[in-house]
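*Asks:* Reading the sequence shown from the start, the letters are residues 57 to 290 in this note's numbering. Ideal Cβ positions, reconstructed from N, Cα and C, are used throughout, including at glycine. Encoded as structure tokens, here's the structure I'll be asking about.
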Amino acid sequence: MNPLQTIQNIIKAKGYNKKARSLGPSKKIVLSSTPRGGSTWAYEVLLGEKGIGVWEPLHPVWLKKNSIQPNGNHDLFAPKDLSLPKLQTYLEQVLYNSSVDKQNRFYPKKEHSLKRIQSCDYMVFKFCRLGPLLPWFLHRFPFRVWHIVRNPFAVVSSQLRHPAWDFIHTQKAFRDNKNSFFPTYYESYYHITNALHHPEEFLAAKWCLDLIPVLDEAQNDKLYLCCYKDLVVD
Numbered sequence: 057m058n059p060l061q062t063i064q065n066i067i068k069a070k071g072y073n074k075k076a077r078s079l080g081p082s083k084k085i086v087l088s089s090t091p092r093g094g095s096t097w098a099y100e101v102l103l104g105e106k107g108i109g110v111w112e113p114l115h116p117v118w119l120k121k122n123s124i125q126p127n128g129n130h131d132l133f134a135p136k137d138l139s140l141p142k143l144q145t146y147l148e149q150v151l152y153n154s155s156v157d158k159q160n161r162f163y164p165k166k167e168h169s170l171k172r173i174q175s176c177d178y179m180v181f182k183f184c185r186l187g188p189l190l191p192w193f194l195h196r197f198p199f200r201v202w203h204i205v206r207n208p209f210a211v212v213s214s215q216l217r218h219p220a221w222d223f224i225h226t227q228k229a230f231r232d233n234k235n236s237f238f239p240t241y242y243e244s245y246y247h248i249t250n251a252l253h254h255p256e257e258f259l260a261a262k263w264c265l266d267l268i269p270v271l272d273e274a275q276n277d278k279l280y281l282c283c284y285k286d287l288v289v290d
């Protein structure tokens, strides 16, 4: 990286930090879904002309880099009373200061310009792995969360065609969840998941395990649920 790019990255990072600190919770949109669940499309719509975004803070790359969660399978369920100090500190930095890696500061194809960062009216935080963490997240942060639920047949079909899930075609059993934040949750469903044998079953089970915590929070005033199909139709 040349010196000019280095200076530009530092300036943009400081611009993100300053803007994030100046905006209150009502100016920060937390968008949630499952992988291949429609969050990227909704993210692009929400950004519009006056928003800037933060992309996938819970991606396994960042969780591993920050020594938060070594499990690349994204088993992130946590009950609301579970103490996860490293995760909480990390998300506080992301949500309140936008202290994120350069790769998280972009509008799918390219980074926001410094002018856009300085003039934006709001920020959109896009998550496709926040669902199982919602009981824990909503208990600790003052943000409302918009969670999109997409039909599991569509989600699984899309995942099966995406190279990020190529591993699933050679997987022989549902994965071990011992490295998750709260293994007890996943172990309580072993009587179901241990009987699965096919890629479609593994992905559908993952969709279900991630959705159960979302539905448990359905009556929470800080959570807004909607269906992907309704967004497409309307």
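So who's on the other strand from cysteine 283, going by DSSP bridges?
*Replies:* Val205, per the DSSP bridge assignment.
*Asks:* Do you know whose CA, among Asp290, Ile67 and Ala134, lies nearest leucine 170's CA?
*Replies:* Nearest C-alpha to leucine 170: Ile67.
*Asks:* Measure from the alpha carbon of histidine 209 to the alpha carbon of each residue in Ala260, Trp202, Ser175 and Pro219, then state which is nearest.
*Replies:* In the sequence as presented, histidine is not what sits at residue 209; that position holds phenylalanine. Per the Cα distances, Ala260.
*Asks:* Tell me which residues share the same chain as asparagine 73 and place their Cβ nearer than 7 Å to its Cβ, disregarding the 5 neighbours each side in the sequence.
*Replies:* Excluding residues within five positions, the ones whose Cβ falls inside 7 Å are Asn153, Ser154 and Ser155.
*Asks:* Looking at leucine 190 and proline 26, is the spacing between their C-beta atoms short of 7 Å?
*Replies:* For residue 26 there is no data in the structure shown, the boundaries of the chain being 57 and 290.
*Asks:* Should alanine 229 be labelled buried (16 or more other beta-carbon atoms within 10 Å of its own) or exposed?
*Replies:* Result: exposed.
*Asks:* For the beta strand (DSSP E) containing leucine 87, name the first residue and the last one.
*Replies:* Segment 84-88, the beta strand (DSSP E) holding leucine 87.
*Asks:* Note down the Cα distance separating glutamine 144 from alanine 69, rounded to an integer number of angstroms.
*Replies:* Distance between the alpha carbons of glutamine 144 and alanine 69: 21 Å.
*Asks:* Which residue from Tyr245, Phe258 and Pro239 puts its Cα closest to that of aspartate 309?
*Replies:* The structure shown does not extend to residue 309, since the chain is modelled only from 57 through 290, so no value can be given for it.
*Asks:* Below 8 Å on the Cβ atoms is my guess for glycine 93 versus arginine 206; work out the distance and round it to an integer in Å.
*Replies:* With a Cβ gap of about 4 Å, glycine 93 and arginine 206 count as contacting.
*Asks:* Between the alpha carbons of asparagine 291 and glutamate 243, how many angstroms are there, rounded?
*Replies:* Because the chain here runs from 57 to 290, residue 291 falls outside it and cannot be looked at.
*Asks:* Report the partner residues of phenylalanine 230 according to the DSSP bridge assignment.
*Replies:* DSSP, once it has assigned bridges, lists no residue as partnering phenylalanine 230.
*Asks:* Return the chain-ordered list of same chain residues with a C-beta closer than 6 Å to the C-beta of phenylalanine 183, the five sequence neighbours on each side being excluded.
*Replies:* Result list for phenylalanine 183: Ser88 and Leu114, in chain order.
*Asks:* State yes or no: is the C-beta of lysine 285 within less than 7 Å of the C-beta of aspartate 177?
*Replies:* No, they are not a contact pair.
*Asks:* Using only alpha-carbon positions, find the residue among Pro116, Ile85, Glu112 and Lys158 that is nearest to serine 291.
*Replies:* An answer regarding residue 291 cannot be provided, because it is not within the stretch 57 to 290 covered by the chain.
*Asks:* Counting only the same chain and skipping the five closest in sequence on each side, list residues whose C-beta sits under 6 Å from that of histidine 195.
*Replies:* So the list reads Lys136, once near-sequence residues are dropped.
*Asks:* Going by the CB atoms, is the gap between glycine 109 and valine 180 shorter than 7 Å?
*Replies:* For valine 180 and glycine 109, yes; Cβs fall inside 7 Å.
*Asks:* Looking only at DSSP bridge pairs, what is valine 110 linked to?
*Replies:* Partner(s): Phe181.
*Asks:* Can you check whether the CB of tryptophan 192 is closer than 7 Å to the CB of alanine 134?
*Replies:* Contact flag set, yes.
*Asks:* Skipping 5 residues on each side, what residues in its chain have a beta carbon closer than 8 Å to that of lysine 142?
*Replies:* Here the set comprises Asn122, Ser123 and Ile124.
*Asks:* Determine the DSSP secondary structure at alanine 69, reduced to helix, strand or coil.
*Replies:* Of the three classes helix, strand and coil, the one that applies to alanine 69 here is helix, per DSSP.
*Asks:* Taking only three categories from DSSP, how would you classify aspartate 277?
*Replies:* In this structure, aspartate 277 counts as coil in the three-state DSSP scheme.
*Asks:* Out of Val101, Leu281, Val211 and Val86, state which residue places its alpha-carbon closest to the alpha-carbon of leucine 151.
*Replies:* When each option's Cα is compared against that of leucine 151, the closest is Val86.
*Asks:* Let me know if asparagine 58 comes out buried or exposed under the rule of 16 or more other beta-carbons within 10 Å of its beta-carbon.
*Replies:* So asparagine 58 counts as exposed.
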